[in-house]
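Participant: Same order as they appear, the protein sequences are chains Z and R.
Using our numbering, the first residue of the first sequence is number 1, and each one after it goes up by one.
Using our numbering, the first residue of the second sequence is number 1001, and each one after it goes up by one.
No residue lacks a Cβ here, since even glycine has one placed at the ideal position from N, Cα and C.
Sharing a structure here in structure tokens format.
2 protein chains.
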Amino acid sequence: MPRADAQRNVEALVTAAKTEFAEHGVDANVRAIAARAGVGTATLYRHFPQRSDLIAAVFRHEIDACAAAAPALSADNEPDQALELWLQRYTEFVATKHGLAVSLHSGDPAYSALPAYFSERLGPMLADLLAAAEDAGAIRAGMDPIDLLGTVSNLCIPPPGTDDPGRAHRMVGLLLDGLRYRATR
Amino acid sequence: MPRADAQRNVEALVTAAKTEFAEHGVDANVRAIAARAGVGTATLYRHFPQRSDLIAAVFRHEIDACAAAAPALSADNEPDQALELWLQRYTEFVATKHGLAVSLHSGDPAYSALPAYFSERLGPMLADLLAAAEDAGAIRAGMDPIDLLGTVSNLCIPPPGTDDPGRAHRMVGLLLDGLRYRATR
DNA sequence: TGCTAAACGGAACACTGTCCCGTATCGTCG
DNA sequence: CGACGATACGGGACAGTGTTCCGTTTAGCA
């Protein structure tokens, strides 16, 4: 079992990181996060060796909630509708985290574990939604869920100079219409 | 008129930058570019104060060629086909430049002039292509060309861990199918 | 209460983009 | 052809950042 002060520090770091992420994006300054948590930088690195570890810790609850939403939406909606609602929910989650989408695609080793974490947690959920919509003939077959996850987070990266909060949602909707085009039904 | 040695240095810098960009992406190391060109770093900054200036200089010919392709494709193809061919050409250009798409969306001030440069040069071309396809009833109306340019370059950012060279093209095709879905015709 | 291992913190390091200033060179004019 | 002034150069200095090291502190237990 870890020492009590260590546990306190982990909590303080996650809380501080959440605030800093909200204000300055997920590539917030290391010293700023540590200072806000009232610890040294080494303590941060000891508990979260990679930036992706810290990001995963900060957003784990939200990611879990997103994953949990999939079966719920499937139960309450037609497959096509469930797919759209879930994709828009995922879009909302990613698009509202400054810099998260860019980091996911940055290629920086410090973030390299993140895409895998997202894929592992959310990929199976999306796979089920896609399969159901395919079976219903609402969308074309053959769309890879991991590919789609990555593409949706692509669309969450805003072009600089514009702050149109609905842009990502519109583009995801457009992409989904692409899947509907030439569906079997 | 500028001094002869200054002109030589500008040429050497653009050549060196092209090589470094190809090997290490458009955020290649400043000292490496300068060293390859055989000049000091200050000389690089004197001629290209912002990274975006250097990128624009390196890729100007390619961007111009891309712009020039639009009317040519329009002349030789149906509007819908011309739009698709041009979008795929633009995709090919962006996707083959390591890190260019990420930089376009990074928000870093050093790159902030780039999106405007792209939009200014290519926006009108795409606007014409879109208008023609709309008039032919091949796609839905109301798509903003600048939005679409930004979105296509979004799709050119590869998710880490995968090196599927056709991914960007497939996703752009899918997005275009979205525009075709519920077209007036 | 004292001991040991776990955990800490801040300084030190390495690397990067950016800027400054003394120096060298180009192009012109006498 | 030689000297002068403006232009341009180069390498070092600076500032900011992520990352690591090591001497010091503290929690938990006997």
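Using the beta-carbon of each residue, which ones in chain Z are nearer than 7 Å to Thr-1184 of chain R?
Facilitator: Chain Z residues near Thr-1184 of chain R: none, gap ~14 Å exceeds 7 Å.
Participant: For a contact meaning CB atoms closer than 9 Å, what does Leu-1044 of chain R contact in chain Z?
Facilitator: None at all; the shortest Cβ gap to chain Z is about 23 Å.
Participant: Quick check: is the beta carbon of Val-102 of chain Z nearer than 9 Å to any beta carbon in chain R?
Facilitator: Judged by the 9 Å Cβ criterion, Val-102 of chain Z is in contact with chain R.
Participant: Output yes or no for whether 9 Å exceeds the beta carbon distance between Ala-1042 of chain R and Thr-1015 of chain R.
Facilitator: Cβ atoms of Ala-1042 of chain R and Thr-1015 of chain R: not closer than 9 Å.
Participant: Measuring CB atoms only, is the segment 63 to 70 of chain Z touching the segment 119 to 139 of chain Z, in the sense that at least three cross pairs come out at less than 8 Å?
Facilitator: Yes, since at least three Cβ pairs between the segment 63 to 70 of chain Z and the segment 119 to 139 of chain Z fall closer than 8 Å, the two stretches touch.
Participant: For my contact list, Val-1094 of chain R and Val-102 of chain Z are in at a C-beta cut-off of 8 Å; report their separation, rounded to the angstrom.
Facilitator: Val-1094 of chain R to Val-102 of chain Z, Cβ: 16 Å. No contact.
Participant: Measuring only between beta-carbons, confirm whether Asn-1029 of chain R sits less than 9 Å from chain Z.
Facilitator: Output row for Asn-1029 of chain R: interface = no.
Participant: Using only the alpha-carbon positions, how far apart do Pro-1145 of chain R and Ala-34 of chain Z sit?
Facilitator: For Pro-1145 of chain R and Ala-34 of chain Z, the distance between alpha carbons rounds to 44 Å.
Participant: At a CB-CB cut-off below 8 Å, which residues of chain Z make contact with Ile-1055 of chain R?
Facilitator: Per Cβ cutoff of 8 Å: no residues; Ile-1055 of chain R is ~14 Å from chain Z at best.
Participant: Just the Cα atoms here: how many angstroms apart are Ala-113 of chain Z and Lys-1097 of chain R?
Facilitator: Ala-113 of chain Z and Lys-1097 of chain R: Cα-Cα distance of roughly 24 Å.
Participant: Leu-1087 of chain R and Val-1039 of chain R - do their beta-carbons sit closer together than 9 Å?
Facilitator: Contact flag unset, no.
Participant: Rounded C-beta distance between Asp-177 of chain Z and Gly-1178 of chain R? I'm assuming under 8 Å.
Facilitator: Confirmed, Cβ separation roughly 4 Å.
Participant: Between Arg-60 of chain Z and Pro-160 of chain Z, what straight-line distance do the alpha-carbon atoms span, to the nearest angstrom?
Facilitator: Going by the C-alpha atoms only, they are around 28 Å apart.
Participant: So, at 6 Å on beta carbons, what are the nonlocal neighbours of Ile-1139 of chain R in its own chain, with the 5 sequence-adjacent residues on each side left out?
Facilitator: The residues are Ala-1133, Leu-1179, Arg-1180 and Ala-1183.
Participant: With a threshold of 9 Å between beta-carbons, can Tyr-1117 of chain R be considered close to chain Z, or not?
Facilitator: Not one chain Z Cβ lies under 9 Å of Tyr-1117 of chain R.
Participant: Quick one: which chain R residues come within Cβ less than 8 Å of Met-125 of chain Z?
Facilitator: Those within 8 Å of Met-125 of chain Z in chain R number zero; the least Cβ separation is about 18 Å.
Participant: Check whether the Cβ atoms of Thr-1091 of chain R and Leu-1130 of chain R sit closer than 9 Å, and answer yes or no.
Facilitator: Result no, Cβ atoms of Thr-1091 of chain R and Leu-1130 of chain R do not sit closer than 9 Å.
Participant: Span of the alpha helix (DSSP H) holding Cys-1156 of chain R?
Facilitator: No alpha helix (DSSP H) contains Cys-1156 of chain R, which DSSP labels as neither H nor E.
Participant: Mind checking Asp-1076 of chain R: buried by the 16 CB within 10 Å criterion, or exposed?
Facilitator: Looking at its Cβ environment, which holds fewer than 16 other Cβ atoms inside 10 Å, Asp-1076 of chain R is exposed.
Participant: At which residue ranges does the segment 26 to 68 of chain Z contain complete alpha helix (DSSP H) runs of 4 or more residues, listed in the order of the chain?
Facilitator: Segments of the alpha helix (DSSP H) lying fully in the segment 26 to 68 of chain Z: 30 to 37 and 41 to 47.
Participant: Quick test of your reading: Asp-1027 of chain R and Gly-1099 of chain R, contact by CB under 8 Å. State the CB separation rounded to the nearest angstrom.
Facilitator: Indeed they touch by this definition, with Cβ atoms about 6 Å apart.
Participant: Would you say Gly-1173 of chain R faces chain Z, with C-beta separation under 9 Å as the test?
Facilitator: At least one chain Z Cβ lies under 9 Å of Gly-1173 of chain R.
Participant: Hey, quick one: how far does the alpha helix (DSSP H) through Ser-112 of chain Z stretch, first residue to last?
Facilitator: First-last for Ser-112 of chain Z: undefined, no H or E at that position.
Participant: Given a cut-off of 9 Å on the beta-carbon distance, is the pair His-1105 of chain R and Ile-157 of chain Z in contact?
Facilitator: Result yes, Cβ atoms of His-1105 of chain R and Ile-157 of chain Z sit closer than 9 Å.
Participant: Of the choices Z:Ile-55, Z:His-47 and Z:Asp-5, whose alpha-carbon is the least far from that of Ala-17 of chain Z?
Facilitator: Of the listed residues, the one whose Cα sits closest to Ala-17 of chain Z is Z:Ile-55.
Participant: Entirely within the segment 85 to 172 of chain Z and at least 4 residues each: give me those alpha helix (DSSP H) ranges in chain order.
Facilitator: Qualifying alpha helix (DSSP H) stretches, in chain order: 100 to 104, 113 to 135 and 145 to 155.
Participant: Do Glu-20 of chain Z and Asn-9 of chain Z have their beta-carbon atoms positioned less than 9 Å apart in this structure?
Facilitator: The answer is no: Cβ separation not under 9 Å.
Participant: Closer than 9 Å, CB to CB, is Pro-1049 of chain R near chain Z or not?
Facilitator: With 9 Å as the cut-off, Pro-1049 of chain R does not count as an interface residue toward chain Z.
Participant: What would DSSP say about Glu-20 of chain Z, mapped onto helix, strand or coil?
Facilitator: Reduced to three states, the DSSP call for Glu-20 of chain Z is helix.
Participant: Rounded to the nearest angstrom, what separates Ala-1220 of chain R and Arg-1051 of chain R at their Cα positions?
Facilitator: The structure shown does not extend to residue 1220 of chain R, since chain R is modelled only from 1001 to 1185, so the question has no answer here.
Participant: Please compile the residues from chain R whose C-beta is within a distance smaller than 7 Å of the C-beta of Ser-52 of chain Z.
Facilitator: What Ser-52 of chain Z touches in chain R: nothing, since even the nearest Cβ is about 11 Å away.
Participant: Between the Cα of Asp-1135 of chain R and those of R:Gly-1107, R:Asp-1163 and R:Leu-1083, spot the shortest distance and give me the residue it belongs to.
Facilitator: The shortest Cα separation from Asp-1135 of chain R among R:Gly-1107, R:Asp-1163 and R:Leu-1083 belongs to R:Leu-1083.
Participant: Tell me, to the nearest whole angstrom, how far the beta carbon of Leu-1175 of chain R is from that of Leu-1149 of chain R; I am working on the premise that it is less than 8 Å.
Facilitator: Not confirmed; about 12 Å, so no contact.
Participant: Suppose the cutoff is 7 Å on Cβ atoms and the five residues either side in sequence are ignored; what does the same chain contact list for Asp-1163 of chain R look like?
Facilitator: Cβ within range, chain order: n/a, list empty.
Participant: Going along chain Z, which residues have a C-beta under 8 Å from Asp-1163 of chain R?
Facilitator: Chain Z residues near Asp-1163 of chain R: none, gap ~11 Å exceeds 8 Å.
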